[in-house]
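J.: Just dropping this structure here.
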Amino acid sequence: MSRLLVTGGAGFIGSNFVHHVLEHTDHEVTVLDKLTYAGNRDSLAGLEDSRFTFVQGDIADATLVDSLFAEADAVVHYAAESHNDNSLNDPRPFLDTNIIGTYTLLEAARRHGTRFHHISTDEVYGDLELDDPERFTESTPYNPSSPYSSTKAGSDLLVRAWVRSFGVGATISNCSNNYGPYQHVEKFIPRQITNVIRGIRPKLYGAGQNVRDWIHADDHSSAVLTILDKGELGETYLIGADGERNNKDVVELILEQMGQPRDAYDHVTDRAGHDLRYAIDSAKLRTELGWAPQFGDFEAGLAATIQWYRDNEAWWAPSKDATEAFYAKQGQ
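full-length UniProt numbering applies: residue 1 is where the sequence shown begins, and numbers increase by one.
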């Protein structure tokens with residue numbers, strides 16, 4: 001039995017990973033989460049048993065981090081400031097968490113010889129042209145376009161440096177856009193779903209031609225477990241499920257699945273530096289480690305996600321009004 005420390009385990013992707021691990025393995029899990037606005041203790045409700053422990057704290061707190069690493073066999077590092085719009089309004093928290101926080105964890109991993117897996121994003125690669133036949137691979141040069149993606153790129157480089165300079169046993173994964181349960185209502189898919197539930201017209205940036213490569217959070221979780229189990233130390237693996245869709249198509253599909261006219265949405269001003277297209281080539285993960293996604297059908301995964309938000313309004317309602325008030329001030 002392994003003892004896993006999961007940073008950011010009360011956030012969207014982290015909490016899905018915690019649920020997945022406890023359901024599909026015998027691992028013990030300790031979650032370290034600061035519980036900022038993006039972390040929700042309710043996302044871990046019902047997990048209080050002998051295999052699960054929750055610790056509220058900051059990944060930049062070296063003393064706390066050291067004590068937790070001393071008890072862990074492996075660490076999965078999800079904790080991050082991760083919202084592009086927020087990074088444009090105030091970049092500093094992204095430096096504090098994504099750079100200093102990751103440095104603090106890496107130093108603890110070095111002291112304790114702890115297996116370390118770093119969760120990153122495809123946004124470190126910048127974007128692709130809409131008609132570009134290529135997709136991101138592990139060898140694509142970094143070209144981040146926002147304070148968020150640049151600090152994630154910086155954290156990736158720190159991991160690689162600690163592997164090479166200090167022999168830290170680490171792997172990295174860069175994943176495409178996640179969707180599924182427990183995602184904050186500020187994010188694109190849950191915002192549109194909860195708007196429809198509330199009787200509010202969805203909002204679409206610009207013409208909605210920007211393309212994202214969608215993957216269900218459960219598939220991300222299974223990929224991370226595969227890398228922990230089979231991944232080669234020092235290597236990077238891209239995680240994707242061949243789910244490219246432009247934002248306009250996603251909004252219209254949400255409306256259709258929720259029984260609304262496909263054109264019942266409003267266009268709002270596009271955000272600054274909005275990347276055009278992300279696309280992941282996950283061939284290395286699939287061929288070398290034998291991983292495959294379970295939610296290959298985006299429509300089915302989206303329908304399950306819509307149903308989750310219908311069934312769990314008590315989870316997302318407390319943050320909905322504040323989120324929409326913020327976007328209203330931005331004209332979005």
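In this text, a Cβ means the ideal position worked out from N, Cα and C, and glycines have one as well. The structure presented is a predicted model; accordingly, all values stated were derived computationally and were not measured.
Does DSSP classify K187 as helix, strand or coil?
T.: Coil at K187, not helix or strand.
J.: Out of E107, N177 and Y148, state which residue places its alpha-carbon closest to the alpha-carbon of I239.
T.: Nearest C-alpha to I239: N177.
J.: Quick check on V55: does DSSP put it in helix, strand or coil?
T.: Strand.
J.: Tell me whether the beta-carbon of G126 lies closer than 9 Å to the beta-carbon of N143.
T.: The answer is yes: Cβ separation under 9 Å.
J.: Given a cut-off of 9 Å on the beta-carbon distance, is the pair D85 and E186 in contact?
T.: Yes.
J.: Which of helix, strand or coil does DSSP assign to T236?
T.: DSSP places T236 in strand when its eight states are reduced to three.
J.: For R41, which residues in the same chain have their Cβ closer than 7 Å to its Cβ, ignoring the five residues on either side in sequence?
T.: A10 and L35, listed in sequence order.
J.: Take S120 as the anchor and find which of Y265, V21, E28 and A223 has the nearest alpha-carbon.
T.: Ranking the options by Cα distance to S120, first place goes to A223.
J.: Ordered along the chain, which non-local residues of its own chain (more than five positions away) have a Cβ less than 7 Å from that of E235?
T.: Result list for E235: T171, in chain order.
J.: Per the DSSP calculation, R212 is bridged to which residue(s)?
T.: In DSSP, R212 forms a bridge with R245.
J.: Locate the alpha helix (DSSP H) running through N16, then write down its first and last residues.
T.: Where N16 is concerned, the enclosing alpha helix (DSSP H) stretches over F12 to H24.
J.: Short of 6 Å in beta carbon distance, which residues of its chain neighbour F52, apart from the five on each side in sequence? Order them along the chain.
T.: Once the five neighbours on either side are set aside, the close Cβ partners of F52 are V29.
J.: Using DSSP with H/G/I as helix, E/B as strand and the rest coil, what is R201?
T.: Here R201 sits in coil by DSSP.
J.: Does DSSP classify D275 as helix, strand or coil?
T.: Residue state, collapsed to three classes: coil.
J.: By Cβ distance, which residues of its chain are closer than 6 Å to R115, with the 5 residues on each side in sequence left out?
T.: Only A74 and G169 meet the Cβ criterion.
J.: So which of S165, R271, D275 and W291 has the shortest CA-CA distance to I227?
T.: Cα-wise, what sits closest to I227 is W291.
J.: Closest to I13 by CA distance: which of H220, L204 and D26 is it?
T.: Among H220, L204 and D26, the Cα nearest to that of I13 is on H220.
J.: Should the stretch 310-329 be called in touch with the stretch 181-197, which here means at least 3 C-beta pairs below 8 Å?
T.: Result yes; three or more Cβ-Cβ pairs closer than 8 Å.
J.: If we count the other Cβ atoms within 10 Å of its Cβ and call it buried at 16 or more, is H24 buried or exposed?
T.: When all chains shown are included, H24 counts as exposed.
J.: Determine the DSSP secondary structure at L106, reduced to helix, strand or coil.
T.: The answer is helix: DSSP assigns L106 an H, G or I state.
J.: For A241, which residues from the same chain have a beta carbon less than 6 Å from its beta carbon, with the 5 sequence-adjacent residues on both sides left out?
T.: Taken in chain order, the residues that qualify are I215, D219 and P293.
J.: Beta-carbon separation of N98 and A80 under 9 Å?
T.: Result yes, Cβ atoms of N98 and A80 sit closer than 9 Å.
J.: My output table needs one value for R262: the three-state DSSP class, helix, strand or coil.
T.: Residue state, collapsed to three classes: coil.
J.: Do you know whose CA, among Y148, F54, T7 and A317, lies nearest T93's CA?
T.: Strictly speaking, residue 93 in this sequence is Pro, with Thr absent from that position. Among Y148, F54, T7 and A317, the Cα nearest to that of P93 is on Y148.
J.: Go ahead and pull the three-state DSSP assignment for D61.
T.: Of the three classes helix, strand and coil, the one that applies to D61 here is coil, per DSSP.
J.: What's the gap between the Cα of D132 and the Cα of E232?
T.: The alpha-carbon atoms of D132 and E232 are separated by roughly 30 Å.
J.: Quick check on this structure: which residue in S82, I189, I306 and D96 has the alpha carbon closest to the alpha carbon of I59?
T.: I59 has its Cα closest to that of D96, out of S82, I189, I306 and D96.
J.: Let me check one thing: in DSSP terms, what residues is H267 bridge-paired to?
T.: Partner(s): L204.
J.: DSSP three-state call for E28: helix, strand or coil?
T.: Note: E28 maps to strand in three-state DSSP.
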